[in-house]
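In our numbering, the protein residues as written are 1 to 307. Working notes for the structure below.
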Amino acid sequence: MDSSYPFSVGNPSVFPTDFRRFLISDEIEPTDQKRRQVVGIGLIPTDFRQFWPSETALFSCSGQVLSFLCLCFSKAKSNSRLWTHLKDVILEGKDAFSSAHGMKCFEYICSDDQFGEMFNRTMSETSTMIIKKVLEVYKGFEDVNTLVDVGGGLGTIIGLITSKYPHIRGINFDLAPVLACAPLSPGVEHMAGDMFVEVPKGDAIFLKCILHDWADEDCVKILKNCWKSLSKTGKVIVVDMVMPIEPKSEDVSSNIVLGMDAIMLTQTSGGKERTFTQFEALASRSGFLRCEIACVAYSYSVIEFHK
Numbered sequence: 001m002d003s004s005y006p007f008s009v010g011n012p013s014v015f016p017t018d019f020r021r022f023l024i025s026d027e028i029e030p031t032d033q034k035r036r037q038v039v040g041i042g043l044i045p046t047d048f049r050q051f052w053p054s055e056t057a058l059f060s061c062s063g064q065v066l067s068f069l070c071l072c073f074s075k076a077k078s079n080s081r082l083w084t085h086l087k088d089v090i091l092e093g094k095d096a097f098s099s100a101h102g103m104k105c106f107e108y109i110c111s112d113d114q115f116g117e118m119f120n121r122t123m124s125e126t127s128t129m130i131i132k133k134v135l136e137v138y139k140g141f142e143d144v145n146t147l148v149d150v151g152g153g154l155g156t157i158i159g160l161i162t163s164k165y166p167h168i169r170g171i172n173f174d175l176a177p178v179l180a181c182a183p184l185s186p187g188v189e190h191m192a193g194d195m196f197v198e199v200p201k202g203d204a205i206f207l208k209c210i211l212h213d214w215a216d217e218d219c220v221k222i223l224k225n226c227w228k229s230l231s232k233t234g235k236v237i238v239v240d241m242v243m244p245i246e247p248k249s250e251d252v253s254s255n256i257v258l259g260m261d262a263i264m265l266t267q268t269s270g271g272k273e274r275t276f277t278q279f280e281a282l283a284s285r286s287g288f289l290r291c292e293i294a295c296v297a298y299s300y301s302v303i304e305f306h307k
């Protein structure tokens with residue numbers, strides 16, 4: 001570590017535990033100095049920039065995996081600069097995205113049409129891959145009549161769910177600027193609003209990769225609004241990665257989760273992947289009586305919060 005940086009942690013909620021898991025899983029040790037450049041507490045490959053595709057190639061490529069890589073490593077929007085601000089997060093408790101771009105992540109998405117289009121397309125395409133697997137293994141939609149997809153974006157997920165379960169009335173809930181680009185889908189109603197203010201009523205509420213975008217206090221606000229809008233026997237269905245307690249360097253699924261946690265550290269203001277115990281704590285703080293993992297789809301877990 002560069003001796004010019006005092007080892008004083010400004011954001012204890014993410015370090016040392018979460019970031020240490022990532023370092024251990026990637027087997028990063030001091031002997032890696034010839035292979036990596038240390039930027040504060042962040043470890044950035046010295047020759048990382050040579051692997052970036054051109055701006056045009058990034059924006060034009062398609063497919064779930066390629067779209068995700070476009071979003072994470074977009075040279076066009078200098079997304080890579082976030083990693084050089086990792087020290088700001090850990091040592092000073094700052095927001096890496098704000099340090100790099102002058103505004104928070106979701107403000108940036110709304111302010112830039114090209115990046116916003118890339119973000120929405122990426123979420124839609126990766127969601128398709130994930131939700132198709134969820135629909136194969138999860139049976140919890142069978143008894144749902146009204147399903148609200150909070151932060152549903154273009155409505156890809158709720159559309160796939162209602163296609164398989166046509167008895168479900170689907171509500172795709174997101175901000176008005178996002179829904180302006182959402183296509184019409186049979187059985188789906190687009191509804192604009194703010195999940196931090198109010199959530200539409202339903203007997204089940206769906207949250208895919210929403211909670212990992214936010215700090216604990218923000219998650220509790222969202223979940224409390226969900227609790228208020230659910231029927232007496234309602235449930236929240238969360239699809240998110242679950243952080244392993246002990247990292248394993250040869251466990252591919254574990255490393256995917258830990259790598260995503262590191263991405264959330266730079267992309268969001270307090271967002272992170274959580275252990276199951278941390279999900280239980282969020283559920284309890286929000287008024288839910290029971291939290292359980294229903295099944296697993298790829299590296300994602302389907303978690304139910306019951307009233």
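Where is the CB? At the ideal position from N, CA and C, for every residue including glycine.
Using a Cβ-Cβ cut-off of 8 Å (strictly less than) and excluding sequence neighbours within five positions of residue i, which residues of its own chain qualify?
{"i": "D194", "result": "L175"}
{"i": "K132", "result": "L160"}
{"i": "M264", "result": "H212, D213, G271, K272, E273"}
I'd like the list of long-range same chain contacts for residue i, defined as Cβ closer than 6 Å, with 5 residues on each side in sequence excluded.
{"i": "P309", "result": "Outside the modelled stretch of the chain, which goes from 1 to 307, sits residue 309, for which no answer is possible."}
{"i": "I293", "result": "S301, I303"}
{"i": "S127", "result": "T156, I157"}
{"i": "M191", "result": "I171, F173, P200"}
{"i": "V220", "result": "R285, S286"}
{"i": "G116", "result": "I109"}
{"i": "L179", "result": "H190, A192"}
{"i": "Y165", "result": "F141"}
{"i": "V242", "result": "F276, S301"}
Residue range of the beta strand (DSSP E) that residue i falls in?
{"i": "R169", "result": "169–174"}
{"i": "E304", "result": "300–306"}
{"i": "R290", "result": "290–297"}
Suppose the cutoff is 7 Å on Cβ atoms and the five residues either side in sequence are ignored; what does the same chain contact list for residue i look like?
{"i": "P177", "result": "C110"}
{"i": "D213", "result": "T268, G271"}
{"i": "V159", "result": "Reading off the sequence, residue 159 comes out as Gly, not Val. Excluding positions up to five away in sequence, the list reads S185, V188."}
Between the C-alpha atoms of residue i and residue j, what's the straight-line distance to the nearest angstrom?
{"i": "C209", "j": "D113", "result": "22 Å"}
{"i": "P183", "j": "E246", "result": "42 Å"}
{"i": "G259", "j": "V252", "result": "10 Å"}
{"i": "K104", "j": "G152", "result": "20 Å"}
{"i": "A96", "j": "R274", "result": "20 Å"}
{"i": "M145", "j": "H167", "result": "A small fix is needed here, since residue 145 is Asn in this sequence, not Met. N145 and H167: Cα-Cα distance of roughly 7 Å."}
{"i": "K307", "j": "G102", "result": "40 Å"}
{"i": "G93", "j": "I222", "result": "23 Å"}
{"i": "G140", "j": "T266", "result": "33 Å"}
{"i": "V197", "j": "Y298", "result": "32 Å"}
{"i": "C291", "j": "E280", "result": "6 Å"}
{"i": "Q37", "j": "A283", "result": "Residue placement at Q37 is flagged as unreliable, the pLDDT there being 36, under the threshold of 50; the coordinate-derived value follows with that caveat. So the alpha carbons of these two residues sit roughly 40 Å apart."}
{"i": "N225", "j": "V236", "result": "11 Å"}
{"i": "L147", "j": "Q278", "result": "25 Å"}
{"i": "E107", "j": "A100", "result": "13 Å"}
{"i": "M308", "j": "E136", "result": "Since the first residue shown for the chain is 1 and the last is 307, residue 308 is missing from the structure and cannot be characterised."}
{"i": "F305", "j": "F206", "result": "10 Å"}
Mind checking which residues open and close the alpha helix (DSSP H) that includes residue i?
{"i": "S284", "result": "276–285"}
Continuous beta strand (DSSP E) assignments of at least 3 residues falling wholly in the region 75–155 = 146–150
Any alpha helix (DSSP H) of 4 or more consecutive residues that is wholly inside the region 180–261: Correct list: 216–229.
Check: Would the region 279–294 and the region 96–111 be scored as touching if the rule is three or more Cβ pairs under 8 Å?
Finding: no
*May I ask you to verify whether the region 221–231 touches the region 195–204, counting CB pairs closer than 8 Å and requiring at least 3?*
yes
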